[in-house]
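Worksheet: one structure, shown below.
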Amino acid sequence: MTEFLDGPHGRLAYCRAEGQGPGVVFLGGFRSDMQGTKALWLEEWARTHGQAFLRFDYSGHGASDGAFEDGCIGDWLADARAILSLTTGPQVLVGSSMGGWISLLLARALPERVAGLVTIAAAPDFTERGFWPEFTPALREELLREGQILRPSEYGDPYVITRRLIEDGRNHQVLAEPLELPFPTRFLQGTADEDVPVHWATDLLAHATGADMRLLLVKGADHRFSTPECLDLIGNSVQEVLARAR
1 MTEFLDGPHG
11 RLAYCRAEGQ
21 GPGVVFLGGF
31 RSDMQGTKAL
41 WLEEWARTHG
51 QAFLRFDYSG
61 HGASDGAFED
71 GCIGDWLADA
81 RAILSLTTGP
91 QVLVGSSMGG
101 WISLLLARAL
111 PERVAGLVTI
121 AAAPDFTERG
131 FWPEFTPALR
141 EELLREGQIL
151 RPSEYGDPYV
161 ITRRLIEDGR
171 NHQVLAEPLE
181 LPFPTRFLQG
191 TADEDVPVHW
201 ATDLLAHATG
211 ADMRLLLVKG
221 ADHRFSTPEC
231 LDLIGNSVQE
241 VLARAR
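The sequence shown begins at 1 in the UniProt record's numbering and counts up by one.
Pasting the structure below:
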């Protein structure tokens with residue numbers, strides 16, 4: 001059942017399953033919502049294992065209030081922090097794509113609330129490492145002048161990229177300063193991912209510090225990382241992190 005929390009930018013939609021802790025919190029990707037394949041699969045996995053679980057929509061996403069084009073990384077990070085207030089004790093964060101970036105920001109800001117971390121095609125700093133370099137000088141000029149541009153998407157209609165999204169992203173980079181992850185951490189990455197290059201995953205592994213950190217590369221897996229085999233890997237990784245966190 002969908003419930004709502006009064007968040008920093010309006011009502012935030014969420015669903016949760018009761019169970020044992022540490023709880024698992026799923027953080028979705030850019031323009032994704034909590035009805036996605038991975039979120040629903042992981043919720044069923046959690047119910048089967050008697051595991052507490054929480055999924056939610058950022059503002060401007062899914063059933064939450066707000067317009068997508070009004071948001072930025074800092075806003076969605078604030079949403080995630082608000083959602084954490086629904087939980088008790090350290091949680092295992094599972095971040096997909098942009099959710100990987102936000103989970104890393106949460107881990108840096110609130111390490112005491114993180115029992116472990118699993119990322120799926122994590123895209124830290126993607127506004128600066130991905131969007132900005134691909135824009136032509138003319139597009140950059142249009143973005144700065146008009147405040148937004150349209151970017152084509154293979155997942156549907158073109159979407160709005162705003163100047164605020166780019167500039168705010170620069171203020172929330174995780175690869176520009178030390179990143180300590182003092183808890184069990186697993187990075188999952190497909191080699192056929194056309195949105196997040198494999199070297200982003202290896203860069204993250206090299207940059208972060210922590211005593212229990214691994215990167216698993218899956219040959220042929222794309223950015224969706226939603227085949228039955230990939231979903232099983234997500235579940236196995238979460239189970240391993242939970243066991244070590246306990």
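Where a beta carbon is used, it is the ideal one built from N, C-alpha and C, also for glycine.
**OP:** Report the partner residues of F26 according to the DSSP bridge assignment.
**Re:** Here residue 26 corresponds to residue number 26 of the sequence shown, with the count starting at 1. For F26, which the question treats as bridged, DSSP gives the partners R55 and V94.
**OP:** Compare the beta carbon distance of A39 and T87 with 9 Å and say whether it is the shorter of the two.
**Re:** Here residue 39 refers to the residue found at position 39 of the sequence shown. Here residue 87 refers to the residue found at position 87 of the sequence shown. The Cβ atoms of A39 and T87 lie no closer than 9 Å to each other.
Subject >> Alpha carbon of M1 to alpha carbon of Y14, nearest angstrom >> reply: Stepping through the sequence shown from its first residue, residue 1 is reached at position 1. Stepping through the sequence shown from its first residue, residue 14 is reached at position 14. One C-alpha to the other measures close to 8 Å.
Subject >> 9 Å Cβ cutoff met for F131 and I102 >> reply: Position 131 of the sequence shown, counted from the first residue, corresponds to residue 131. Position 102 of the sequence shown, counted from the first residue, corresponds to residue 102. Contact flag unset, no.
Original post:
Helix, strand or coil: how does DSSP classify L77 here?
Top reply: Reading the sequence shown from its first residue, position 77 is the one you call residue 77. Per DSSP, reduced to three states, the secondary structure at L77 is helical.
**OP:** Between the Cα of P178 and those of A243, V241 and L105, spot the shortest distance and give me the residue it belongs to.
**Re:** The residue you call residue 178 lines up with position 178 of the sequence shown. With distances taken between CA atoms, P178 lies nearest to L105 out of A243, V241 and L105.
Original post:
Thinking just about the alpha-carbon of each residue, which of V118, P228 and R244 is nearest to the one in L216?
Top reply: Counted from its first residue, the sequence shown places residue 216 at position 216. With distances taken between Cα atoms, L216 lies closest to V118.
Original post:
Can we say the segment 21-29 touches the segment 50-65, given the rule of at least three CB pairs closer than 8 Å?
Top reply: The segment 21-29 vs the segment 50-65: in contact.
Original post:
So what does DSSP say about R214, is it helix, strand or coil?
Top reply: Here the question's residue 214 lines up with position 214 in the sequence shown. The answer is strand: DSSP assigns R214 an E or B state.
**OP:** Along the alpha helix (DSSP H) that carries V174, what are the first and last residues, could you check?
**Re:** Taking the first residue of the sequence shown as position 1, residue 174 is located at position 174. DSSP places V174 outside any alpha helix (DSSP H), giving it a letter other than H or E.
Original post:
Taking the C-alpha atoms as reference points, what is the distance between residue 247 and D195?
Top reply: Residue 247 is absent from the structure shown; the chain starts at 1 and stops at 246.
**OP:** Leaving out five residues on either side along the sequence, give the residues of the same chain with a beta carbon under 7 Å from the beta carbon of T37.
**Re:** Here residue 37 refers to the residue found at position 37 of the sequence shown. For T37, where only same-chain residues beyond five positions count, the Cβ hits under 7 Å are S226.
Subject >> Candidates V92, D157 and E112, of which the one nearest V241 by Cα >> reply: Residue 241 sits at position 241 when you count from the first residue of the sequence shown. Selected option, being the one with the closest Cα: V92.
**OP:** Compare the Cα-Cα distances from G19 to each of G220, E43 and P133 and report the closest residue.
**Re:** In the sequence shown, the residue the question calls residue 19 occupies position 19. Comparing Cα-Cα distances from G19 to each of G220, E43 and P133, the minimum goes to E43.
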